[in-house]
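Here's the structure, in structure tokens; my notes come after.
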Amino acid sequence: MRTPINEAREAPEEEMISAEVSKRTIVVPGEIIVEGDDYLPGEGARREGEKVVASRFGLGEIAGRVVKVIPMSGAYVPRRNNVVLGRVTDITFNGWLLDLDCPGSGFLPIAESPRFINQHEMDQFLAIGDIAAVKIWSIKGRGIDLTLKGKGLGKLEGGFIFRINASRVPRIIGREGSMINLIKDNTHCQITVGQNGWVWISGESTKDELRARKAVEYIANNVQITGLTDHMEEWFTKN
Amino acid sequence: MVLKRVSGRKATEMRPMIAKVGVVPNADGSAIFAFGNSIAIAAVYGPRQLHPQHMQDPSTGILRVTYDLLSFSVSDRKKPGPSRRSQEISKVIEWSLLPVLDLKEFPNTVVDVQVYIPQADASTRVAAINAASMALAHAGLPMKDLVTAVSVGKLDKDLVVDVDKDEEDFEGGEGPTDFPMAKIAQSEAFTLLQLDGKIPPESVKKALAMGSDACNEVYEVQKKALKEFV
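Okay, structure coming up:
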């Protein structure tokens, strides 16, 4: 039995919350986040003379000297080492092509599979339409290379998948997986969340699975609540 | 002489504006923007792989805008499907948005913006630009600033801001004048200037100043809508 995924960790910015972090505010492109020479523009921010300006829509955050904008919406942009869920769209002589719900399709070479696979029987392992949890190994100019080597990666059998917005994934997983473990404990389901916003759920009964899906969608729609893990513990007593 | 506007508005008074983001659940970014009875709904899809392949640009992503009136948006039914007018407006909207967008991070991709007008009462192209700009921001794309747009009209010799259908069809005096403009919100850089009708050169500066002030008002509405998104 495959181990449920833990690789799709919460984005690092969520883990590094320190006393220095300011309250987050929503910023629009072109809005001044902070003024002063001391600050360094991070992701989603840029410097314009004295000012640090948002270059995208999201939550502006000042962590020490670094100023960045955390996405709240938008399409998934693939990054190296992300664990994502993909659907097999084609089988070539040396690997599989996966649709990852982002620009450019992912390529999973046959050599990356955990055991030997006969080139003529590749569809025995992953057929067209199958779902797999994979890790982004590298992103080159054209195409994304994937790997299956890692904990919790592999074909996802049974259950069902659905989509949420990729920017909500860190909240679904929670700090060090606290939220996802809470859902797993309360619903007795296996859940895999890809950074691309695809969620796979498989449980003993459809009732459990739907309850888990409801929980995930509830979190995705209520990311702004502070103390969400405690809130969800209460939610599970009612739902 | 100062002509009274049919709507009873002051020369610099705009119609009530409505703005909201996240109105199309299946899009990566979306927004609705209305000037009174002119409503525009914009949906952004992408960045996504561009087909046909020969249109791909390996140095940057491209922007593709589709603007159209829905057939029931005007009193004489508009024949559905693209027309010369809608293609032209799609193109000018695209050009008005491009200066603030930076798609260099997304080579070989396309960002599709679809703007539809479910109800038209003049100034639809500027409403469309406002909606599209908000939808692009909502899609999380790298942008320098928002784009805000407004139309300035002329009733005989008097300049008025935010033209409605009655004013667009004004036949008295020097005839109807519609002067749509778009600018980068926090600068005085205009990204769209069109003129339908006649305007004396000395009035152009005044029209631009009026438009610029009105754009600042629009910007506040857009900003508020984006900030209210949860």
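These protein sequences, in sequence, are chains G and A.
Everything in the first sequence is counted per the numbering used here, starting at 1244 for the first residue and increasing by one.
Everything in the second sequence is counted per the numbering used here, starting at 20 for the first residue and increasing by one.
Each residue gets a CB set at the ideal place from its N, CA and C atoms; glycine is no exception.
So, helix, strand or coil for residue i, using DSSP?
i: G:Ile1426; result: helix
i: A:Ala47; result: The question names Ala, but residue 47 of chain A is Asp in the sequence shown. Residue state, collapsed to three classes: coil.
i: G:Met1315; result: coil
i: A:Thr196; result: strand
i: A:Tyr135; result: strand
i: G:Glu1274; result: coil
i: G:Arg1330; result: strand
i: A:Thr85; result: strand
i: A:Tyr64; result: strand
i: A:Ser115; result: helix
i: G:Ser1445; result: strand
i: G:Glu1304; result: strand
i: G:Asp1451; result: helix
Which residue marks the beginning of the alpha helix (DSSP H) containing residue i, and which one marks its end?
i: A:Asp232; result: 220-246
i: A:Gln205; result: Unbroken run through A:Gln205: none, as it is neither H nor E.
i: G:Phe1368; result: 1365-1368
i: A:Met153; result: 143-157
i: G:Arg1418; result: No alpha helix (DSSP H) contains G:Arg1418, which DSSP labels as neither H nor E.
i: G:Met1475; result: 1471-1481
On the CB-based measure, 16 or more other CB atoms within 10 Å of its CB, does residue i come out buried or exposed?
i: G:Ala1251; result: The predicted position of G:Ala1251 is uncertain, since its pLDDT is 45 and thus under 50; no value can be drawn from it.
i: A:Glu190; result: exposed
i: G:Leu1283; result: exposed
i: G:Pro1314; result: buried
i: G:Gln1438; result: buried
i: A:Asp188; result: exposed
i: A:Ala61; result: buried
i: G:Met1365; result: buried
i: A:Met74; result: exposed
i: G:Ile1248; result: Any answer about G:Ile1248 is weak, because its pLDDT of 45 lies below 50 and its placement is not dependable; what the coordinates show is given next. Looking at its Cβ environment, which holds 16 or more other Cβ atoms inside 10 Å, G:Ile1248 is buried.
i: A:His70; result: exposed
i: G:Glu1274; result: buried
i: A:Val171; result: buried
i: G:Ala1354; result: exposed
i: A:Thr196; result: buried
i: A:Val12; result: Absent from the model: residue 12 of chain A. The displayed extent of chain A is 20 to 249, so no value can be given.
i: G:Thr1435; result: buried
i: A:Asp140; result: buried
i: G:Asp1281; result: exposed
i: G:Phe1235; result: Since the first residue shown for chain G is 1244 and the last is 1482, residue 1235 of chain G is missing from the structure and cannot be characterised.
i: G:Asp1381; result: The question names Asp, but residue 1381 of chain G is Ser in the sequence shown. Looking at its Cβ environment, which holds fewer than 16 other Cβ atoms inside 10 Å, G:Ser1381 is exposed.
i: A:Val119; result: buried
i: G:Val1312; result: buried
If you draw a straight line from the C-alpha of residue i to the C-alpha of residue j, how long is it?
i: A:Asp76; j: A:Ala30; result: 45 Å
i: G:Tyr1319; j: G:Lys1383; result: 17 Å
i: A:Met229; j: A:Asn127; result: 40 Å
i: G:Asn1429; j: A:Gly55; result: 49 Å
i: G:Lys1378; j: A:Asp232; result: 51 Å
i: G:His1431; j: G:Thr1480; result: 15 Å
i: A:Ser115; j: A:Val169; result: 12 Å
i: A:Glu247; j: G:Ile1305; result: 21 Å
i: G:Ser1261; j: G:Gly1307; result: Summary for G:Ser1261: the model assigns pLDDT 47, below 50, so the residue's position carries little reliability; its value from the coordinates is reported in the next sentence. Approximately 9 Å, taken between the alpha carbons.
i: G:Val1331; j: G:Asp1451; result: 27 Å
i: A:Phe52; j: G:Gly1397; result: 45 Å
i: A:Val130; j: G:Ser1421; result: 36 Å
i: G:Gly1440; j: A:Val84; result: 26 Å
i: A:Ala156; j: G:Glu1419; result: 30 Å
i: A:Ser78; j: A:Lys123; result: 6 Å
i: G:Lys1294; j: G:Glu1278; result: 4 Å
i: A:Leu89; j: A:Ile58; result: 11 Å
i: G:Asp1373; j: A:Lys110; result: 41 Å
i: G:Gln1433; j: A:Arg67; result: 31 Å
i: A:Val43; j: A:Gln213; result: 30 Å
i: G:Val1466; j: A:Arg144; result: 35 Å
i: A:Ser152; j: A:Phe125; result: 18 Å
i: G:Arg1406; j: G:Ile1462; result: 13 Å
i: A:Met33; j: A:Val180; result: 6 Å
i: A:Glu236; j: G:Ser1410; result: 30 Å
Going by the C-beta, is residue i closer than 6 Å to any heavy atom of the ligand MG?
i: G:Gly1395; result: Because no ligand of any kind appears in the structure shown, any question about the ligand MG cannot be addressed here.
Identify the continuous beta strand (DSSP E) that holds residue i and give its terminal residues.
i: G:Ser1381; result: 1374-1382
i: G:Glu1291; result: 1288-1291
i: G:Ala1297; result: 1294-1297
i: G:Asp1344; result: Element bounds for G:Asp1344: n/a, residue is neither H nor E.
i: G:Thr1390; result: 1387-1390
i: A:Asp185; result: Careful: A:Asp185 lies outside any beta strand (DSSP E), inside the alpha helix (DSSP H) at 184-187.
i: A:Asp93; result: Strictly speaking, residue 93 of chain A in this sequence is Val, with Asp absent from that position. It is not in any beta strand (DSSP E) - A:Val93 carries neither H nor E in the DSSP assignment.
Residue i touches chain D at which residues, Cβ-Cβ below 9 Å?
i: G:Ile1387; result: Included in the structure are the protein chains G and A, with no chain D among them.
Check whether the stretch 1291-1304 of chain G and the stretch 151-163 of chain A are in contact - that is, three or more C-beta pairs closer than 8 Å. yes
Give a yes or no on contact between the stretch 210-229 of chain A and the stretch 1278-1293 of chain G, applying the rule of three or more CB pairs nearer than 8 Å. no
Do the stretch 23-38 of chain A and the stretch 1440-1458 of chain G meet, that is, are 3 or more Cβ pairs less than 8 Å apart? no
Touching or not, the stretch 1378-1397 of chain G and the stretch 1405-1418 of chain G, by the rule of three or more beta carbon pairs under 8 Å? no
Cβ pair count under 8 Å reaching 3, the stretch 176-187 of chain A against the stretch 200-209 of chain A: no
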